[in-house]
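A.B. asks: If you use mature numbering (1 follows the signal peptide of the UniProt record, and there is no 0), the sequence shown corresponds to residues -20 to -1, 1 to 854, in order.
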Amino acid sequence: MKKSITLLSLVLFLASGAFAQKKKKALSADSLKKVQVTPPKPGIKDKIKSSKKIDGLFAMYRDTVTGSLQMYVKKGQLGKDYIYQSFSMGGPTTLYLNQNMIRTTWLFYIQKSDDKIELLKRNTNFYYDQSNPVSKVANVDVSDAVFYNDKVVAQDSLGYLISVDGLFLGDKLDPVKPVFPPTLPPGAMFNLGNLNTAKSKYQKIRSYPGNTDVVVELAYDNPVPLNGGGKDITDARYVRVKMQHSFLEVPKNDFRPRRDDPRVGYFGGEVDNLTSLSPTPYKDFISRWNLKKKNPSAALSEPVEPIVFWIENTTPLAYRPIIKEAGEKWNEAFEKAGFKNAVVMKEMSDTASWDPADIAYNVIRWVSSAYPSYGAIGPSFYNPLTGQILGADITVEWRSGAGTVVTDDLFSAGNSSLKLPWENPIEAVAATPKHLHGFDKNHSASCALAQELSMQYQAGLTAIEALDTDLPEAKRVETVREMHKQFLYYLIMHEMGHTLGLNHNMKSSQMLSPAQMNDVALTRKIGLQGSVMDYPAINVSSDRSKQGDYYTTKAGPYDLWAIEYGYTPFSELEEEAGLNKILSRSTDPQLVFGNDADDMRSPGGGIDPRVNVNDQTNDMVAYGEDRFKLVNTMMPKLKSRFSKTGQSYQELRQRYMQLNGQRSSMAAAVSRFVGGVYVDRSFVGQKTTVAPFTPVPVAYQKKAMALLDKYVFAPDAFDADSPLFPYLQIQRRGFGFFGTNEDFKPQNTFMGIQLSTLAQILHPNTLTRINNSGLYGNTYSVASVMSDLANHIFVADLKSNVNLFRQNLQTEFVKASASIVSAPGGYDNASKAAALFTLKKIKTQLGAAVSTNEQTKAHRTNLVFLIDKALVVR
């Protein structure tokens, strides 16, 4: 039995083995069959056979049938840093998508993850000293951002091919559609719809050894737009935006970052040193071009590579020689840094084959936009690691370059757009001084000079045409031509200064006294201001026989010093001592500096009244009074000079509004001295006799207040204008008056100037600063300020009728004081007490006032009613 079982087992074993062999053969056959029918994985050649290759930094493959785009990434490019730079090439200007606008710059790198290629944005905000052990955990809590990844389409031994349609035809790089705050009502501003990738397309692809540029046209669809936009929007449902995305190789050179310093103004990068225990743990650097001397041992040498700017062939022919001269005027400053002919200006011919959008060229171009968001702009972009400037453009709007502005209703809207701080004091404190519209923290795309300069230019033009009537016509024409030449010089030099790395210096207009402004021998030697980086008031002399230059046409003392700081070559060992020696001169009054963050153009913003726009000289009260007088002198002459046979009264209205603009800017500049504090940024050990903070002397504050009383608050402040009111008519165009009334509204115009002035003096920031500065020298208390305001606004007509302008002013002052008393926050206790005291004083004065007409009686009755409401205990 046992033997039988063994034999059976052997048979079964052999049978199973045979079955297994049979199965194995069958499986092998099946597997072989499958291998034979599975096609090989496509190679790169298969994936690009219908594509056109654009070789360069990154090889790009554009499919000639579908239009899709693929990019080839070499294995040697993985892990390396590259620079991304975006440009808007055309789109709605209300969204700052103007043509040739430099936008976003950042550093990125590429890595492979499994079967994908990733592009990551690198965080460059921090520095770790590698000799410090803590650097071993550098950026452990800072992650780089993956902004794009896609599967590898094909690969070879040298690299990888990926699709980049989702990168360039999407919003992965520089999102175009702005995100408005949630508090903004729907439809309040025009905006783009949703990105339609199916309608978006490539316009141009360029690739060179050092950069790859992809120009795209993005389509945005909005089926039901709540805001139709302006005339530049053909159909708000379908809007196209043109963008250029550029990938650049990080420069391989020995360029050394130069440290930033608060006493001199450059754009640049902010870097926190996380291995420093210094009170100022900063590794901030300035942006500047990579200039190297051909002859390093020479005191003055030409650079190996100069800064070359091309005047584009869009520039008006008559302006080209002026622009060339203005640009090369910067060479005087570079000579202070040891460079000769550092700036070279060239002219683009009409037959040139190169593309001005190529980042290899720095271009000055002229454009004409339907709704310009700027008058002129001169941004640059730089290596985020070092500050080396890699490219720059200057774009000038046609009308601004010609000195022309459209100002029909520049000030007729009055206070329609003015936010009165006492209406929402907490919001007012939180909001100031947000008056810039830049794309980044440096505000490098935020230059409003051309608009301000054009308004000032028009005031000068009006003065020449209205007051210089004794001059022969040919002489007046020549004077206007010379003024425009100076205007264009200043405009180009200012924007060129930005492209050299300089930011604004809104304090430089303090350099000269009013008596020195028309001393041509002096001003052509050192300039009208310390810097061309300011927004100055035009220099128009009220004594026409003594008119000097209208604008400065040379780099000022500050500009020479700033370029010396930024560009003087030093060895690594000598640099710190050399820079400190240059900076030691910052206490020179001609070298004072304050940028946009310091200026006081917006109510409540800044603290030093010397840092401002549309001001001039080191005695703004005296200069302001002269300008107020000049405006009042011109007013009676406007109608006869600018009412022309066969034309409407449009030009008369424009000229009138421009002169009111001068009043408004003078009132703004003078009002900042009330409650102001002078700032000095000298370092400890420098030769200076002043503290960092010094309250404006009380005598000067009161002098400013008296000037405002005379030309802004007084009953007769605007008497010179009244004969013009019946003639200030806008030329009708189509149905342009639907929803509005076309009559000129003088009370709106003047109330705008008056309320803007009060908005500064009664701003919670101003009143709080007055109280605080009383602890270190200020003797002009809030109670005294409000008492003086009340006297200026009420006393002159307590014994007579009150005109309409004064009724508005008095009512708004009472409402402001009442709001300060009842404000839940924003205003400090001392300010509330002063406002309450002022209201009671005004009520007492009104009780003794004399009223002879019904309107004045009604007005005063209303004032008492408003005061009583404010005095009710809640």
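In this text, a Cβ means the ideal position worked out from N, Cα and C, and glycines have one as well.
Just so we're clear, the structure is a prediction, and the values are computed from it rather than from any experiment.
#1: For Leu141, does the three-state DSSP call read helix, strand or coil?
#2: So does the stretch 41 to 56 actually touch the stretch 23 to 31, counting three or more Cβ pairs closer than 8 Å?
#3: By Cβ distance, which residues of its chain are closer than 8 Å to Pro22, with the 5 residues on each side in sequence left out?
#4: By Cβ distance below 6 Å, which residues in the same chain neighbour Lys421 in space, the five residues on each side in sequence not counted?
#5: For Pro360, collect the residues of the same chain with a Cβ closer than 6 Å to its Cβ; drop the 5 residues on either side in sequence, then sort them by chain order.
#6: Please report how far the alpha carbon of Ala557 lies from the alpha carbon of Phe550, in whole angstroms.
#7: Do Val323 and Trp334 have their beta-carbon atoms positioned less than 8 Å apart in this structure?
#8: What alpha helix (DSSP H) runs, 4 residues minimum, are completely inside the stretch 682 to 722?
#9: Mind listing, in chain order, the continuous beta strand (DSSP E) runs of no fewer than 3 residues lying wholly within the stretch 268 to 292?
#10: Going by DSSP, name the residue or residues bridged to Leu100.
#11: Among all the DSSP beta bridges, which residues are the ones paired with Asp26?
#12: Buried or exposed for Phe705, please, with buried defined as at least 16 other CB atoms from any protein chain shown within 10 angstroms of its CB.
#13: Can you look up Tyr680 in the DSSP assignment and give me helix, strand or coil?
#14: Would you report the Cα separation of Thr163 and Thr85, rounded to the nearest angstrom?
#15: Within its chain, find whatever has a CB closer than 6 Å to the CB of Glu250; leave out the 5 residues flanking it on each side and keep chain order.
#16: Output the distance between the C-alpha atoms of Tyr200 and Lys184, rounded to the nearest integer angstrom.
#17: For Gly307, does the count of other Cβ atoms within 10 angstroms reach 16, so buried, or fall short, so exposed?
#18: Below 8 Å between beta carbons: does that hold for Met325 and Ile291?
#19: Taking all protein chains shown into account, decide if Phe653 is buried (16 or more other Cβ within 10 angstroms of its Cβ) or exposed.
#20: Under 8 Å, do Val593 and Met486 count as touching if we go by C-beta distance?
#21: Pop quiz: Ser797 and Leu819 are said to be a contact at Cβ under 8 Å. What is the actual Cβ separation, rounded to whole angstroms?
#22: Just to confirm, is the Cβ distance from Ala313 to Ile543 under 8 Å?
#23: Per DSSP, which one or two residues make a beta bridge with Tyr182?
#24: Quick check on DSSP: helix, strand or coil for Arg83?
#25: How big is the Cα-Cα spacing for Ser511 and Leu138?
#26: Could one say the Cβ of Tyr636 lies closer than 8 Å to chain C's Cβ atoms, at least one of them?
#27: In its own chain, which residues sit with a C-beta less than 6 Å from the C-beta of Thr748, not counting the 5 before and 5 after it?
#28: Quick check: the Cα distance between Asp240 and Lys725, rounded to an integer number of angstroms?
#29: Check for me: the alpha helix (DSSP H) holding Glu403 runs from which residue to which?
#30: For the putative contact between Asp121 and Gly146, defined by C-beta atoms under 8 Å, what is the C-beta separation to the nearest angstrom?
#31: Ordered along the chain, which non-local residues of its own chain (more than five positions away) have a Cβ less than 6 Å from that of Asp136?
#32: Looking at the secondary structure, which residues open and close the beta strand (DSSP E) in which Ser326 lies?
#33: For Lys116, which residues of its own chain have a beta-carbon under 8 Å away from its beta-carbon, when the five flanking residues on both sides are left out?
#34: Is it the case that the stretch 82 to 96 contacts the stretch 59 to 73, given that we only count it when at least three CB pairs across the two stretches are under 8 Å?
#35: Could you tell me whether the stretch 781 to 799 touches the stretch 835 to 845, using the rule of 3 or more Cβ pairs below 8 Å?
#36: Specify, as a first and last residue, the run of the beta strand (DSSP E) that Arg42 falls within.
C.D. replies: By the coordinates alone:
#1: Here residue 141 corresponds to residue number 161 of the sequence shown, with the count starting at 1. If DSSP states are grouped into helix, strand and coil, Leu141 belongs with the strands.
#2: Taking one beta carbon from each stretch, the stretch 41 to 56 and the stretch 23 to 31 have 3 or more pairs nearer than 8 Å; the two touch.
#3: Translated into the one-based positions of the sequence shown, residue 22 becomes position 42. Ala134.
#4: Mapped onto the sequence shown, residue 421 falls at position 441. Confidence is the limiting factor: at Lys421 the pLDDT is only 43, short of 50, which leaves the residue's position unreliable, though a coordinate-based value still follows. So the list is empty, once near-sequence residues are dropped.
#5: Within the sequence shown, the letter at position 380 stands for residue 360. According to the sequence provided, residue 360 is Ser. The question's Pro does not apply to it. Ile369, Ala372, Thr479.
#6: Residue numbering aside, residue 557 sits at position 577 when the sequence shown is read from its first letter. Residue numbering aside, residue 550 sits at position 570 when the sequence shown is read from its first letter. Answer to the nearest angstrom: the Cα atoms are 9 Å apart.
#7: Within the sequence shown, numbered from 1, the residue matching residue 334 stands at position 354. Within the sequence shown, numbered from 1, the residue matching residue 323 stands at position 343. In this structure, Val323 does not lie closer than 8 Å to Trp334 by Cβ.
#8: Runs of the alpha helix (DSSP H) spanning 4 or more residues and lying entirely within the stretch 682 to 722 do not occur at all.
#9: With a minimum length of 3 residues, the continuous beta strand (DSSP E) runs that stay inside the stretch 268 to 292 are 287 to 291.
#10: Within the sequence shown, residue 100 is the residue found at index 120, counting from 1. Answer is Tyr89, Val126, bridged to Leu100.
#11: Numbered from its first residue, the sequence shown carries residue 26 at position 46. Per the DSSP secondary-structure output, Asp26 pairs with nothing in a beta bridge.
#12: Within the sequence shown, the letter at position 725 stands for residue 705. With fewer than 16 other Cβ atoms within 10 Å, it is exposed.
#13: For the purposes of this step, residue 680 is taken as residue 700 along the sequence shown, with counting starting at 1. Tyr680 falls in the helix class under three-state DSSP.
#14: On the sequence shown, residue 163 is found 183 positions in, with the first residue counted as 1. On the sequence shown, residue 85 is found 105 positions in, with the first residue counted as 1. Roughly 29 Å between the two C-alpha positions.
#15: Residue numbering aside, residue 250 sits at position 270 when the sequence shown is read from its first letter. Around Glu250: Asp264.
#16: Sequence index remark: in the sequence shown, residue 200 carries index 220 (1-based). Sequence index remark: in the sequence shown, residue 184 carries index 204 (1-based). When rounded, the distance between both Cα atoms is 19 Å.
#17: For the purposes of this step, residue 307 is taken as the residue at position 327 of the sequence shown. It counts as buried.
#18: As a working mapping, residue 325 is identified with position 345 in the sequence shown. As a working mapping, residue 291 is identified with position 311 in the sequence shown. Yes, the Cβ-Cβ distance between Met325 and Ile291 is below 8 Å.
#19: As a position in the sequence shown, residue 653 is number 673, starting the count at 1. A buried status is given to Phe653, since no fewer than 16 other beta-carbon atoms sit within 10 Å of its beta-carbon.
#20: Position 613 of the sequence shown, counted from the first residue, corresponds to residue 593. Position 506 of the sequence shown, counted from the first residue, corresponds to residue 486. Cβ distance < 8 Å, so Val593 and Met486 count as in contact.
#21: The sequence position of residue 797 within the sequence shown is 817, counting from 1. The sequence position of residue 819 within the sequence shown is 839, counting from 1. Yes, they are in contact, since the Cβ atoms of Ser797 and Leu819 sit about 5 Å apart, within 8 Å.
#22: Numbered from its first residue, the sequence shown carries residue 313 at position 333. Numbered from its first residue, the sequence shown carries residue 543 at position 563. For Ala313 and Ile543, yes; Cβs fall inside 8 Å.
#23: The residue given as residue 182 occupies position 202 in the sequence shown. In the DSSP output, where bridge partners are listed per residue, Tyr182 has Val196.
#24: Residue mapping note: residue 83 aligns to position 103 of the sequence shown, counting from 1. When secondary structure is reduced to three states using DSSP, Arg83 falls in the strand class.
#25: Here residue 511 is taken as the residue at index 531 of the sequence shown, counted from 1. Here residue 138 is taken as the residue at index 158 of the sequence shown, counted from 1. Distance between the alpha carbons of Ser511 and Leu138: 54 Å.
#26: Among the chains in the structure shown there is no chain C, since it carries only a single protein chain.
#27: For the purposes of this step, residue 748 is taken as residue 768 along the sequence shown, with counting starting at 1. Asp808, listed in sequence order.
#28: Residue mapping note: residue 240 aligns to position 260 of the sequence shown, counting from 1. Residue mapping note: residue 725 aligns to position 745 of the sequence shown, counting from 1. Straight-line Cα distance between these residues: approximately 50 Å.
#29: Counting from 1 along the sequence shown, the entry for residue 403 is found at position 423. It is not in any alpha helix (DSSP H) - Glu403 carries neither H nor E in the DSSP assignment.
#30: By 1-based counting over the sequence shown, the position of residue 121 is 141. By 1-based counting over the sequence shown, the position of residue 146 is 166. No, Asp121 and Gly146 are not in contact; Cβ-Cβ is about 29 Å, not under 8 Å.
#31: Within the sequence shown, the letter at position 156 stands for residue 136. In its chain, beyond the 5 residues on either side, Ile24 have a beta carbon closer than 6 Å to the beta carbon of Asp136.
#32: Stepping through the sequence shown from its first residue, residue 326 is reached at position 346. According to the sequence as given, residue 326 is Lys; it is not Ser. It spans 323 to 327 - the beta strand (DSSP E) in which Lys326 sits, taken as one unbroken run.
#33: Against the sequence shown, residue 116 aligns to sequence position 136. Cβ-Cβ distances below 8 Å link Lys116 to nothing in the same chain once the five nearest sequence neighbours on each side are left out.
#34: The stretch 59 to 73 vs the stretch 82 to 96: in contact.
#35: Taking 8 Å as the limit for Cβ pairs, the verdict is that the stretch 835 to 845 does touch the stretch 781 to 799.
#36: The residue labelled residue 42 in the question sits at position 62 within the sequence shown. 39 to 43 is the span of the beta strand (DSSP E), which, as asked, contains Arg42.
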